[in-house]
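Chains L and P supply the protein sequences, listed in that same order. Under my numbering, the first residue of the first sequence carries the number 43, and numbering increases by one thereafter. Under my numbering, the first residue of the second sequence carries the number 63, and numbering increases by one thereafter. The structure appears below as structure tokens.
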Amino acid sequence: MAQRAVWLISHEPGTPLCGTVRFSRRYPTVEKRARVFNGASYVPVPEDGPFLKALLFELRLLDDDKDFIESRDSCSRINKTSIYGLLIGGEELWPVVAFLKNDMIYACVPLVEQTLSPRPPLISVSGVSQGFEFLFGIQDFLYSGQKNDSELNTKLSQLPDLLLQACPFGTLLDANLQNSLDNTNFASVTQPQKQPAWKTGTYKGKPQVSISITEKVKSMQYDKQGIADTWQVVGTVTCKCDLEGIMPNVTISLSLPTNGSPLQDILVHPCVTSLDSAILTSSSIDAMDDSAFSGPYKFPFTPPLESFNLCFYTSQVPVPPILGFYQMKEEEVQLRITINLKLHESVKNNFEFCEAHIPFYNRGPITHLEYKTSFGQLEVFREKSLLIWIIGQKFPKSMEISLSGTVTFGAKSHEKQPFDPICTGETAYLKLHFRILDYTLTGCYADQHSVQVFASGKPKISAHRKLISSDYYIWNSKAPAPVTYGSLLL
Amino acid sequence: MGPLSRDAWAQRLGAFRASPSAFMAGPEGEDLGRDLLSDLRSEKLSEQTKVSLLALSMEYPAQLWPDASAAEVAATSLLDTLVLLPPRPSALRRPLLLAATTALAAGGALGPTSGASCRLLPLLLGLAAGSDPGRGFVPASEQRPLQATACECLRELESCKPGLLGGSLGLLRGLLGQEGPVQPLSLLLALALRNTLVLQFRVGAGLGGLLTDKVSPTGGGPWDWTLVEEGDGRLQPQAPSWPAAEEGEGERSLTAREHSPEEARELRAAVIQLLDTSYLLTPVAQAQLLWLLGWALRGLQGQPPALFKPQLVRLLGTAQLTLLHAVLALKAAFGEALFTAQDEALLLRRLTLAAQHPALPPPTHLFYLHCVLSFPENWPLGPEGEEAAPLLLGPQLCRGLLPSLLHDPMALLARLHLLCLLCAEEEEEEKGQLPSPRHYLEELLAGLRQRAALDGGPRALATLCFQASYLVACCLAGQPTVLTPLIHGLAQLYQARPMLAPHFVDLLDQVDSELREPLKVVLRQMVVSRPGRDEALCWHLQMLAKVADGDAQSATLNFLQAAAAHCTNWDLQQGLLRVCRALLRAGVRGGLVDLLQVLARQLEDPDGRDHARLYYILLAHLAAPKLGVALGPSLAAPALASSLVAENQGFVAALMVQEAPALVRLSVGSHRVKGPLPVLKLQPEALEPIYSLELRFRVEGQLYAPLEAVHVPCLCPGRPARPLLLPLQPRCPAPARLDVHALYTTSTGLTCHAHLPPLFVNFADLFLPFPQPPEGAGLGFFEELWDSCLPEGAESRVWCPLGPQGLEGLVSRHLEPFVVVAQPPTSYCVAIHLPPDSKLLLRLEAALADGVPVALRTDDWAVLPLAGDYLRGLAAAV
């Protein structure tokens, strides 16, 4: 279980190479083992230049998709995981774990401890999951709290030293690189015995525990016969425990009000020591019934020093917070649109913000707009062919608002107006963006009194909640719209 | 040269990293390794710069020190630098240890004869044990980090040389029980334990007291390399043969491993100790521990897999990729012994859930989906190694894993595969249910085609559509309810966007005939029903070149005739001719003659006219089979874009002799000792059917007269062929090498020429007997020959070693036909005629147990050394 090499490559479309290797690290002792294990099928790790070129080609990130190229476009070259074979100098380097995130490509080559022909199934290669964790770890390190390019550069320059700690020989010791940084900076002189490897020191100071629950709600609404609207809540519970002692024990319980929606699909942080079987088995795959486990959900754990995600969950609330319809019709030279949004009465009517984005794809710039709205203001981004309906902090008493109008477009020019392969013809959507503080849709909360801490001193406990929208789509009900299989299950 | 400045080094390292091979080939390459080692001791450079030098050496030791001896020197120098560090905290100790370890392990220098290894190993083990090797070597503040680093170094060395730490198991276990750093020691102990178990098993030994013996293996004495040597330096894979666990050379049937009750108890205690503290390890380290222990204990008697059970619930709850992957490895290793049917179902549910959980990133989803389709089931039904939906994965579980147009391409394809597997299982009677997966699949494909048809859309959308179609065609071949709408939809896509022709051609090349043939028909109809003056004419011609065949000739020819008028540029004319060529190959004759005649007159481009005329001539003069070969793909089959070159090669292939790999093998059989000339017996063997084989021989050095060619009418693989006789006419009695060429015709009608491996004529192959003298006159005859050799000839005595068969056996085996006088078992007189006119006479007398003295005479002194070699080699030749 080891990596032969790792790369960070920034994707720079429009430049001659379309990218630059920002960081690379090779592990020669692992490479030596690869040569022995792979035998005749061994392909050496290439230098940065050829690797960059081959990877960008394989990921379709070069700017040349004008012509059909068989080695890239052939229908039989199907990749179903983020693991690739790269053609370099007539030989195929495999497996290369790689993904693109925020214009940065993360890549590594795990060691396969056997011959590569025939290729072993990925599931049997232990280095693959390690490679992913390695790359996710680097990604978290680079982008946690990073705001601009110079900070990114600083972090990139810290990587060589950090990997000397976290992955000195190609076998990853800790995916949390921040830990390694803290380790280098504050080499604790007297680390006591049985200190967890994921906890680099001990906290000294006022004890406090902070718990914040963030729920994201997503939805697909069609307003159509035969297609069901869908919505789902995804929750993240984040904790920061400042407690003295080597291994303080904490138990946090999440509770639901009587009519709350049960939590499902719960995934916990590895520091959680035990799990109730009801938590482990509660899943959105099963049909819901009244007997579903509805808490309290207890999570006993020993906290790491840093802020961490104690658990993730999903939930199926009975109704979407905002139900709406969107009707759009093409009338000769203009589009006629009608939008109606209704906030459910059970939802807290106190938004940090709430707005509806109404994009028009594959058309020219907006040249003319006439509209009427019962509430809020409309902003027009003519060049981007986008309308933003700013609803504000509160829905009116009726809880229902509407917008109607006509939009006219100019001639299409490909550079400026957005292209979208789905929103063609009258297929269109509007997307809701909103945030409500101190509220969860499931009703889930962390009761301060139920937090048990086995450590010296009584900690101050604080809890926060918020609901935000994510992928909240309302599709034009007058045209075909992409559906998921779930929408067909009526 | 004095030490470089910090900036000079930064520049040099930058240049090196940009392209190591270019830098090493340049003027500075040679000195880099040496400069680096010496500047590490320079007082002018900062520690930070030195760390960057060491970092480079950890990445590129093979470039800096390319062989084992250079690596040894480098490691020694690094260790010296380490020892010379002043006794105050320094950032260099860790990287120096890492660099020395890397240099030894990567450079192949690690071993009992390496001085650096013998210094480094005890140093590392001492540091790992938390002791100070003396004189303030380790400042107190660095003790813990160095202890951890030493463990990592030892682990890397153990990975590269399994068995290295077999003697230190007890020590490591003791350290883990005390207050050593948990993670480095756990991982080191687990690896050393795994390797020791495997190696000890291979030599049939148990663990002995290795786990309890707490004495340091060095104890002042030399390092113990026994276990490494027993292991032959073979590396140990983590999961030796997952998933096909029961076969192959790598499989060590572990059921046979047995340990004494005491050993088993100690082993179990050590494993429990490791597992109990595993919670203290980082998730990635926990995963490593589980992989190591799982496959080490697999099938080990007295080691119930239930040891792992307490960890499982905790692990199943997490979303960590490495941890769930490690659980799957345990599942694969132990199957039902660790996971009951209910556990299996739970694990599969957690996997399915993780494959779609919105809180996890897309690459994780895809890997989990792969794990679901490769799930190590307790009782797998399908074939090994193929992706398939596990039995427990019903439609209900899959619901959230089905594709939609909103997914990115990779997720869409992965999920589409699952959908196809579901459709393949869908029973007919379920048809009434809504929504039917098959119906959903159809809708999805239609959506993909719609996107691919978008004018100006990126090529990736088209590629995705064709990949999806291909996947469906592969998974659901034999399901007309799926294929029919697919074909119909693809035809419509072509109609909407003919510029996708290259994708269609590619798809037709990849899919089975079940989709290919009907799709070809539909596409051909679609193209030929159009007027010939389309702006997409070039795509239509490209498409037609693929789909045109003997059917619907007149429509095709009409289309081409109409199109010809609009083929005004070279590209289009070539496209048109390519279609003609396809028709020629398909055996179309009638109307094509007229069309080619018209083209040969009308085309604007002279090259085009020439080609049309050539096709016309070929069509008029060649019979169908020969025409097929002439236009068929060339043997060399280079993927050249130019049709002319490819075409040209087709003709060349048919009309000229081709250089080809040898399809025939020749071996030399026993030679015949009759008649006036030596005759070589050759056994031919064909790898493919070949006809009219002619074998030509050429003697190197003109030692023999030129040889006649040998003819064989036909050779087929598997059918025994008569041996071929090749008479030799030596000009002097010497062995020779024969060059062999073969000329033959293949079953496709091509004439090929091949160079075969040379044949060797040995000295003994030239031996002929003298005419047999009358009964009783043998001795006189021999003496006469013997005397006639001198004085012109030569004489010698040779010791001919005898094998176990003795002199009698040796003579009967090699010299029987040439014996003139025999007095078995002690004395023989042998007379050999060597064409053209030499003789070799041997007296083998007074044999001893291990050899016989041979007196020999010949009338040709040049034969003497050959005869000597021949006799000395006889015993070995048996």
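Every residue, glycine too, gets a C-beta built ideally from N, C-alpha and C. Computed from a prediction, not measured in an experiment: that's the story for all the values here.
Check: Cβ of Leu98(L) within 8 Å of any chain P Cβ; Outcome: no
Check: Other residues of its chain near Ala239(L): CB distance less than 8 Å, five sequence neighbours each side excluded; Outcome: Leu215 and Asp216
Check: Residues near Asp574(P) in its chain [Cβ-Cβ closer than 6 Å; skip 5 each side]; Outcome: Ala539
Check: Contacts that Arg513(P) makes with chain B (C-beta to C-beta distance below 9 Å); Outcome: No chain B is present in this structure, whose protein chains are L and P.
Check: Distance cut-off 7 Å: Cys485(P) Cβ against heavy atoms of the ligand SAH; Outcome: Questions concerning the ligand SAH fall outside what the structure shown contains, since it holds no ligand whatsoever.
Check: For Val823(P), the first and last residue of its enclosing beta strand (DSSP E); Outcome: Thr813 to Val823
Check: Rounded separation between Gln419(L) and Gly518(P) - CA only; Outcome: 35 Å
Check: CB of Glu508(P) within 8 Å of CB of Pro471(P), strictly; Outcome: Note on identity: in this sequence residue 508(P) is Ala, with Glu being the wrong assignment. No; because the gap between Cβ atoms is not below 8 Å, this pair is not in contact.
Check: Enclosing alpha helix (DSSP H) for Ile321(L) [first to last residue]; Outcome: Ser319 to Thr323
Check: Phe451(L): first and last residue of the uninterrupted beta strand (DSSP E) it sits in; Outcome: Glu442 to Phe451
Check: Beta-carbon gap between Leu577(P) and Ala535(P) smaller than 8 Å; Outcome: yes
Check: Secondary structure of Asn80(L), DSSP reduced to three states; Outcome: helix
Check: Nearest to Pro465(P) (by Cα), restricted to the options Lys106(P), Leu903(P) and Leu503(P); Outcome: Leu503(P)
Check: Check whether Leu187(P) and Ser230(P) have beta carbons under 8 Å apart; Outcome: yes
Check: Coarse secondary structure for Cys851(P), derived from DSSP in three states; Outcome: coil
Check: Distance, Gly81(L) Cα to Gly359(P) Cα; Outcome: What sits at residue 359(P) in the sequence shown is Leu, not Gly. Taking the straight line from one Cα to the other gives about 27 Å.
Check: Proximity below 8 Å, CB of Pro312(L) to CB of Gln373(P); Outcome: no
Check: Environment of Phe423(L) [buried if 16+ CB atoms lie within 10 Å]; Outcome: exposed
Check: Which listed residue (Ala826(P), Arg799(P), Pro723(P) and Ala210(P)) has its alpha carbon closest to that of Phe759(P); Outcome: Arg799(P)
Check: Assigned secondary structure, Val276(L) (DSSP; H/G/I helix, E/B strand, else coil); Outcome: strand
Check: CB contact flag (Asp265(L), Phe367(L), <8 Å); Outcome: yes
Check: Cross-chain neighbours of Ile327(L) in chain P, by beta carbon under 8 Å; Outcome: Arg411, Thr414, Leu415, Gln458, Leu459, Arg461 and Gly462
Check: Residue-level contact to chain P via CB, Ile253(L), 8 Å cutoff; Outcome: no
Check: Status (buried if at least 16 other CB within 10 Å, exposed otherwise) for Gln350(P); Outcome: buried
Check: Opposing strand residues paired with Tyr515(L) [DSSP bridges]; Outcome: Met262(L) and Lys473(L)
Check: 7 Å CB neighbourhood of Leu297(P) in its chain, flanking five on each side removed; Outcome: Pro224
Check: Exposed unless 16 or more other CB atoms sit within 10 angstroms - verdict on Trp273(L); Outcome: buried
Check: For Phe93(L) and Trp136(L), believed in contact at Cβ under 8 Å, the rounded distance; Outcome: Not quite, the Cβ-Cβ distance comes to about 13 Å (not below 8 Å), so this is no contact.
Check: Any chain P beta carbon closer than 8 Å to Met441(L); Outcome: no
Check: The stretch 151-161 of chain L in contact with the stretch 411-426 of chain P per 3-pair CB rule at 8 Å; Outcome: no
Check: Where the stretch 152-169 of chain L meets chain P: residues whose CB sits under 7 Å from a CB there; Outcome: Glu155, Gln156, Pro163, Leu164, Ile165, Ser166 and Ser168
Check: Simplified DSSP state of Leu798(P), which is helix, strand or coil; Outcome: In the sequence as presented, Leu is not what sits at residue 798(P); that position holds Ala. In the structure shown, Ala798(P) sits in a strand (DSSP, three-state: E or B).
Check: Segments assigned beta strand (DSSP E), at least 3 residues, entirely inside the stretch 343-369 of chain L; Outcome: 350-357
Check: Neighbour list for Phe528(P) in chain L, Cβ cutoff strictly below 9 Å; Outcome: Asp115, Ser116 and Cys117
Check: Three or more C-beta pairs below 8 Å linking the stretch 504-519 of chain L and the stretch 460-475 of chain L; Outcome: yes
Check: Burial state of Ala703(P), where buried means 16 or more other Cβ atoms lie within 10 Å; Outcome: Here Ala703(P) scores only 39 on pLDDT, less than 50, and its place in the model should not be relied on; the value that follows carries that caveat. Exposed, by the Cβ-count rule.
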